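This report refers to the structure that appears directly beneath it.
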Amino acid sequence: MEKEPLIEFQKVTKRFDTRTILDQVDLKIYEGEVTTIIGLSGTGKSVTLKHIIGLLSPDEGQILYRGKPLGQMTKTEWNEYIGRISYMFQNNALFDSMTVFENVALPLRQKTGLNKKAIEEKAMARIKQTELTEEAHKYPSELSGGMQKRAALARALVTDPQIVLFDEPTTGQDPVRKNAILGMVAQNQKKFGFTAVLISHEIPDVFFISNRILALYDKKIVFEGPPEEFESLDHPFLDELVGSLEGLQQELTGLYSRRHFKVRYQTDFARRNPNDTYVAAVFKLEDMDAIGERIGHDAAQQVMRAIGSYISKHFGKVGAFSSRQTIDEFGTVLPFSNMEEAGRILADFTDDFQKHGMKGLECTIDGPSTEENICELTVSAGMAPGKPQVEVESIMEFARYKQEPIARFKCSFGGIMK
Amino acid sequence: MSSEDQASSASRTPESGITRFFNLFGLRVIRLNNNLGAIAVFFFRSFVMIFRPKQIPEIVQQIYFIGAKSAQIVMLVGFFTGMVLGLQLYYVLIKFGSAGVLGTAVALSLIRELGPVLTAIMITARAGSSMTAEIGIQRISEQIDALYTMRIDPLGYLVSPRIVASIISFPILTALFDLIGIIGGWVSGCVLLGVNSGSYFSRVISSTAMEDITGGFIKSVVFAVLVVTICCFQGFFTHMRTDSYGAKSVSYSTTSAVVLSCVMILISDYTVTAFIL
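These protein sequence lines map, in sequence, to chains B and P.
Its first residue numbered 1, the first sequence is counted upward by one per residue in the working numbering.
Its first residue numbered 419, the second sequence is counted upward by one per residue in the working numbering.
Okay, structure coming up:
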């Protein structure tokens, strides 16, 4: 039996004057999932989101919430529906005459019966979660673009909504911060179980946290489904948007996207002798969610970035190609190495990474300022031999079974990673 | 062109000119009618929202901004208005040997007319313009949309407290203006030109009836409602302007709000006076 969608667009058309933005759009958003809308600029992604929260209404078609058209809701039903949704605006829409704390506390002050102390505690908890404690009493104009985004995120989550709409939450952020925000969205989504609808250009990073992708192209939804299926979509949209973004990312980090990783594997190994061997390795930062919570999502992303750059440095020399497979895992294929050579490179990598990998990386650990208050980070690695005719995923799965800790770091209160 | 065509085109020309005139005129009347309706709905919806919970802190904040922070400028203008009145009326009255009634002339001019009108114009210039600009900026930067998404009614949160604050502040500031104006009249008439102080103040007290004060009070409340509604309306619908966008639309809305408020103050002053007298 097909799952009932939480929100559904049925033949929705929206025009501004004579310009059609959405044309007969059909889409479904399911409860408890992270759905990401991707598309080129100006294709109506924000317009789609604004329809969900009622800031815009369709010219044709209808939007249903649990099967009930929004246009047919009574005032009470509508208020209940809107009360479940929170919206994070693309330009943040923070009240510039209020401090960060006042911005975050505003919906609680206006719409709940909580007392002053409870409001303060709840708002400060969200502010802390978004790593803005020191900026709580600053005005939005005194914050950087990234901090403003996080303040808007804190405000969107403070009422514990059931549906959260994020309009480009990572725009204007540096790569570390982008992943930190996506990590924060994913973690909060898991923790509180809300339904998240994101608009994002962060491909492929956003795929790691999304359950479903909606691709908006030429006023219509051209793809609706899981990220894995999207990567094999045969549509000009994929070349236009994804290709350009992935190419740029590869140039910047030396790592492939998952899609390019697969393509490289297929093209390289199609010409190889079936009896040739290669090695696949998997690197993982253990318990990343908990680490993110203790040392902050930014620091956790910096650790992942360091792992990625050391993998490129050591394994790239022997013609290996790597990609970030999930939010906490990298995969590497050493096409011309056997297990013995791969083992030596891994030993060099481990030695170098343990000595220098976290050099100078500051970490602000959560909790009391005692010597016992430490956070331990473990990086594990596993390797497995493969043959060209075998799917790389199954070799990597085998490598996962063989994972062992290769490096450990300790982060003490207010200290530097050692 | 055949003679038939010429005849028909000649007969059409004056008609199309008249039609064009009526079209244009009618369009403007319809637009004015729509705007008046929209302003009325805007005011009544905002007024109803006054009674929603959690309004007191916002109202106090607005009274401080519209009332307390306007007091200085109102007192300054009131003082010099009173002084000018005292000076002008002294030289008129002295011609008839009636300098003794200077107190009456100054007090009634201020309490009945100048006090409410000039106070309203001063508050429009100081607080009304900033109301429009503030709400306008909130509109174009999606802050008002953000309120909708938080289920906070923007009319209740942004407009209602300003309505209450204006209705409270305008009469108080008008009374302050009248008082300071009378003192200004005394300074120029008595201290500088030698009219007897006792005579001046006794005339002020004896000639001022309760109806004069009530009339001034009614006017100030009417002006308060007009100014706050026009200024908030202009800011709230900044994004609907067709003549400008973005920051420019906020600037145009602010100008429109101030001009329209001042014009409406003078028109309504005449109307209310005609009813009172």
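Every residue, glycine too, gets a C-beta built ideally from N, C-alpha and C.
In this text the structure is predicted, and so the values were computed from the model without any measurement.
Alpha-carbon spacing of residue i relative to residue j, whole angstroms
i	j	result
GLN187 (chain B)	ASN115 (chain B)	28 angstroms
ALA342 (chain B)	LYS45 (chain B)	45 angstroms
PRO385 (chain B)	GLN129 (chain B)	42 angstroms
LEU442 (chain P)	VAL668 (chain P)	27 angstroms
VAL379 (chain B)	PHE349 (chain B)	12 angstroms
VAL582 (chain P)	PHE641 (chain P)	13 angstroms
CYS680 (chain P)	ALA665 (chain P)	23 angstroms
CYS608 (chain P)	SER617 (chain P)	10 angstroms
SER429 (chain P)	ILE448 (chain P)	Annotation note: pLDDT 49 at SER429 (chain P) (below 50); position unreliable, coordinate value reported separately. Taking the straight line joining both Cα atoms gives about 29 angstroms.
PRO405 (chain B)	GLU135 (chain B)	38 angstroms
MET419 (chain P)	THR660 (chain P)	In this prediction, MET419 (chain P) has a pLDDT of 45, which is less than 50 and means its spatial position is unreliable; nothing more can be read from the coordinates.
LEU377 (chain B)	LYS284 (chain B)	11 angstroms
LEU610 (chain P)	GLY603 (chain P)	10 angstroms
ILE600 (chain P)	LEU520 (chain P)	10 angstroms
ILE127 (chain B)	LYS191 (chain B)	17 angstroms
VAL492 (chain P)	ASP174 (chain B)	51 angstroms
THR159 (chain B)	THR672 (chain P)	35 angstroms
SER516 (chain P)	LEU507 (chain P)	10 angstroms
VAL318 (chain B)	GLY331 (chain B)	15 angstroms
GLY435 (chain P)	LEU49 (chain B)	48 angstroms
GLU340 (chain B)	VAL390 (chain B)	20 angstroms
For residue i, the first and last residue of its enclosing alpha helix (DSSP H)
i	result
PRO175 (chain B)	175-192
THR35 (chain B)	First-last for THR35 (chain B): 34-39, but that is the beta strand (DSSP E), not the alpha helix (DSSP H).
LEU153 (chain B)	145-157
ALA196 (chain B)	Careful: ALA196 (chain B) lies outside any alpha helix (DSSP H), inside the beta strand (DSSP E) at 195-199.
ALA299 (chain B)	297-315
THR672 (chain P)	664-694
PHE595 (chain P)	578-604
GLN354 (chain B)	339-356
ILE623 (chain P)	615-625
PRO385 (chain B)	Segment 374-386 is the beta strand (DSSP E) holding PRO385 (chain B); no alpha helix (DSSP H) there.
ALA543 (chain P)	From DSSP, ALA543 (chain P) is part of no alpha helix (DSSP H); its letter is neither H nor E.
Anticipated Cβ contact below 8 angstroms, residue i with residue j, distance rounded
i	j	result
LYS111 (chain B)	ARG569 (chain P)	6 angstroms
ALA320 (chain B)	LEU346 (chain B)	About 11 angstroms separates the two Cβ atoms, so there is no contact after all.
ILE53 (chain B)	THR567 (chain P)	5 angstroms
VAL25 (chain B)	ILE199 (chain B)	Actually they do not touch by this definition, with Cβ atoms about 14 angstroms apart.
GLU202 (chain B)	LYS178 (chain B)	6 angstroms
THR170 (chain B)	ILE181 (chain B)	5 angstroms
LEU22 (chain B)	THR13 (chain B)	6 angstroms
ALA551 (chain P)	VAL676 (chain P)	The pair is not a contact, with the Cβ atoms about 10 angstroms apart (cut-off 8 angstroms).
Beta-carbon neighbours of residue i, restricted to chain B and to distances below 9 angstroms
i	result
THR660 (chain P)	Chain B residues near THR660 (chain P): none, gap ~12 angstroms exceeds 9 angstroms.
Closest Cα partner of residue i within the set the options
i	options	result
GLY633 (chain P)	P:THR567, P:GLY533, P:SER624	P:GLY533
SER309 (chain B)	B:ILE127, B:HIS297, B:ASP298, B:SER322	B:SER322
GLY183 (chain B)	B:ARG155, B:ARG258, B:HIS297, B:ARG344	B:HIS297
PHE336 (chain B)	B:ALA290, B:PHE353, B:THR277, B:TYR65	B:THR277
GLN189 (chain B)	B:LYS355, B:GLU135, B:LEU157	B:LEU157
ASP205 (chain B)	B:ARG109, B:TYR256, B:VAL164	B:TYR256
ARG324 (chain B)	B:GLU8, B:THR43, B:ILE311	B:ILE311
ALA523 (chain P)	P:LEU610, P:GLY500, P:MET682, P:SER584	P:GLY500
LEU153 (chain B)	B:LEU143, B:ASP352, B:GLU142, B:PHE166	B:PHE166
ARG530 (chain P)	P:ASP571, P:SER638, P:ILE555, P:GLN561	P:SER638
PHE596 (chain P)	P:TYR575, P:VAL535, P:ARG544, P:LEU611	The amino acid at residue 596 (chain P) is misidentified as Phe; the sequence shows Asp. Of the candidates P:TYR575, P:VAL535, P:ARG544, P:LEU611, the one whose C-alpha sits nearest the C-alpha of ASP596 (chain P) is P:VAL535.
LEU622 (chain P)	P:ILE694, P:GLY518, P:GLY653	Here residue 622 (chain P) is Val; the residue named in the question, Leu, does not match the sequence. Residue P:GLY518 is the option with its Cα nearest to VAL622 (chain P).
TYR265 (chain B)	B:LYS149, B:PRO388, B:GLU121, B:ASP351	B:PRO388
HIS137 (chain B)	B:LYS149, B:GLY145, B:MET124	B:MET124
TYR663 (chain P)	P:GLY554, P:ILE484, P:GLY455	P:GLY554
Unbroken beta strand (DSSP E) run spanning residue i, endpoints
i	result
TYR87 (chain B)	85-88
GLN325 (chain B)	321-326
VAL12 (chain B)	7-16
GLU329 (chain B)	329-334
Per-residue contacts from residue i into chain B (C-beta, under 8 angstroms)
i	result
GLN506 (chain P)	Simply none; closest approach about 44 angstroms.
TYR575 (chain P)	GLN110
7 angstroms Cβ cut-off: residues of chain P touching residue i
i	result
GLY183 (chain B)	What GLY183 (chain B) touches in chain P: nothing, since even the nearest Cβ is about 24 angstroms away.
LEU56 (chain B)	Correct list: empty, because the minimum Cβ distance to chain P is about 10 angstroms.
ILE82 (chain B)	ARG569
PRO169 (chain B)	None at all; the shortest Cβ gap to chain P is about 15 angstroms.
7 angstroms Cβ cut-off: residues of chain B touching residue i
i	result
GLU560 (chain P)	PHE89, ASN91, ALA93
TYR566 (chain P)	LEU55
LYS487 (chain P)	Per Cβ cutoff of 7 angstroms: no residues; LYS487 (chain P) is ~15 angstroms from chain B at best.
Chain P contact residues for residue i, given Cβ-Cβ distances below 8 angstroms
i	result
GLN148 (chain B)	The contacting residues do not exist; GLN148 (chain B) stays about 12 angstroms from chain P at best.
Proximity test, Cβ basis, 8 angstroms: residue i and chain A
i	result
TYR663 (chain P)	Of the chains in the structure shown, none is chain A; the protein chains are B and P.
Interface residues of chain P facing residue i [CB-CB closer than 9 angstroms]
i	result
ASN79 (chain B)	ARG569
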